[in-house]
Amino acid sequence: MGVDIARLLGADADSLLGHTSTTILREQLHLPGPDYVDRVLSSSDRSIPVLRNLQAMYDHGRLGGTGYLSILPVDQGIEHSGAASFAKAPTYFDPASIVELAVAADCNAVASTLGVLGAVARRYAHRIPFIVKINHNELLTYPAKHDQVLFASVQQAVDLGAAGIGATVYFGSEQSTRQIHEISAAFAEAHRHGLFTVLWCYLRNDAFKTPAADYHLAADLTGQANHLGVTIEADIIKQKLPINNGGYTAVGFGRTDPLVYTELTTDH
422 MGVDIARLLG
432 ADADSLLGHT
442 STTILREQLH
452 LPGPDYVDRV
462 LSSSDRSIPV
472 LRNLQAMYDH
482 GRLGGTGYLS
492 ILPVDQGIEH
502 SGAASFAKAP
512 TYFDPASIVE
522 LAVAADCNAV
532 ASTLGVLGAV
542 ARRYAHRIPF
552 IVKINHNELL
562 TYPAKHDQVL
572 FASVQQAVDL
582 GAAGIGATVY
592 FGSEQSTRQI
602 HEISAAFAEA
612 HRHGLFTVLW
622 CYLRNDAFKT
632 PAADYHLAAD
642 LTGQANHLGV
652 TIEADIIKQK
662 LPINNGGYTA
672 VGFGRTDPLV
682 YTELTTDH
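Just so we're aligned, residue 422 is where the sequence shown starts under my numbering, counting upward by one.
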């Protein structure tokens, strides 16, 4: 039985489902499709082993061959603490349960920590593509701080049979320059080993939250974070969907152009 999406959207259904962009046109985008690796990625400087690992992930799982991806990311044991993340479902304290969930859901890949994936690598690395998250923000330091630090090396990801590595950069934070340097170097090393790269392109700065609104998810700021992420050759970027726009102008920093808000974007 199908899902009635229009009913779920309610009063917003016509606006959301009937919208056609007149700013950035569909024809200007590199859209997902069965030939995505051949059509978009094969002409880049990615090595044959990187392309092979990317194609293997795109072909794996229930979305295999569509150009779309369903990746199960579970690094919450570090990012949010194990107790806060798994107390309600203690089975997921066991690394095997995390990977088994991704296998049962027929995901394209599973992304997790070195410890989680390393613990079950010989049982599962040949059954589903592994993405090793190499840096984390841990919550045991007191007072709490927000900084992504390296927990794993590229070589460790290679040794356990990973298809790719993942990392987070907190763009806009005081530590972002160091994080960019570290992850750019790690991504270059991963590509030399034939692994693809995934970047969580998140914003972190108290100044982005004003009395009027929180601009951590502003389209203009997250869009620039995406641009920086692919500049260090992330093969895939993870970004939260925007909920507003005009972060540059509201916070009063950086550089933008009025055309971004009048000609290139809409409320959608």
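Even for Gly, the Cβ is constructed at its ideal location relative to N, Cα and C.
Asked, Found
"Going by DSSP in three states, F592 sits in which element: helix, strand or coil?", "strand"
"Does any residue of chain B bring its CB to less than 9 Å from the CB of T444?", "Annotation note: the requested chain B is absent from the structure, which comprises a single protein chain."
"One question on the structure: do I658 and C622 come within less than 9 Å of each other, judged by their Cβ atoms?", "yes"
"Given a threshold of 16 other Cβ atoms within 10 Å of its Cβ, counted over all protein chains shown, does Y489 qualify as buried or as exposed?", "exposed"
"Assess contact between the region 495-514 and the region 459-466, defined as three or more Cβ pairs (one per stretch) separated by less than 8 Å. Is contact present?", "no"
"Determine whether the beta carbon atoms of R483 and D456 lie at a separation below 9 Å.", "no"
"Nearest by alpha-carbon distance to N666: which of Q497, L638, D425, L430 is it?", "L638"
"Can P516 and L538 be called in contact, C-beta distance under 9 Å?", "yes"
"Can you tell me which of V575, R543, G650, G423 puts its alpha carbon nearest to the alpha carbon of V553?", "V575"
"Going straight from the alpha carbon of D480 to that of D568, what length do you get?", "34 Å"
"Specify the secondary structure class of P494 as computed by DSSP and reduced to three states.", "strand"
"Can you tell me the Cα-Cα spacing of E521 and G668, whole angstroms?", "40 Å"
"Short check: CB of L620 to CB of Q577, under 9 Å?", "no"
"Applying the 10 Å Cβ sphere with the 16-neighbour rule, what's the burial state of D656?", "buried"
"So the alpha helix (DSSP H) S533 belongs to, where does it begin and stop?", "No alpha helix (DSSP H) contains S533, which is instead part of the beta strand (DSSP E) from 530-534."
"For F674, which three-state DSSP category applies?", "coil"
"Is the number of C-beta pairs between the region 543-551 and the region 505-513 that are closer than 8 Å three or more?", "no"
"Nearest CA to the CA of N556: which residue from A530, T589, Y563?", "T589"
"Which same chain residues, not among the five before or five after V458, have their C-beta less than 7 Å away from its C-beta?", "L472, L475, Q476, Y479"
"Can you check the region 553-616 for any alpha helix (DSSP H) of at least 4 residues that lies completely inside it and give the ranges in chain order?", "575-580, 597-613"
"For the beta strand (DSSP E) that I657 lies in, which residues bound it at each end?", "657-659"
"From what residue to what residue does the alpha helix (DSSP H) around T444 run?", "T444 -> no alpha helix (DSSP H), and no H or E assigned at all."
"Looking only at its chain, what residues have a beta carbon closer than 8 Å to the beta carbon of L430, apart from the 5 residues adjacent to it on each side?", "L437, L438"
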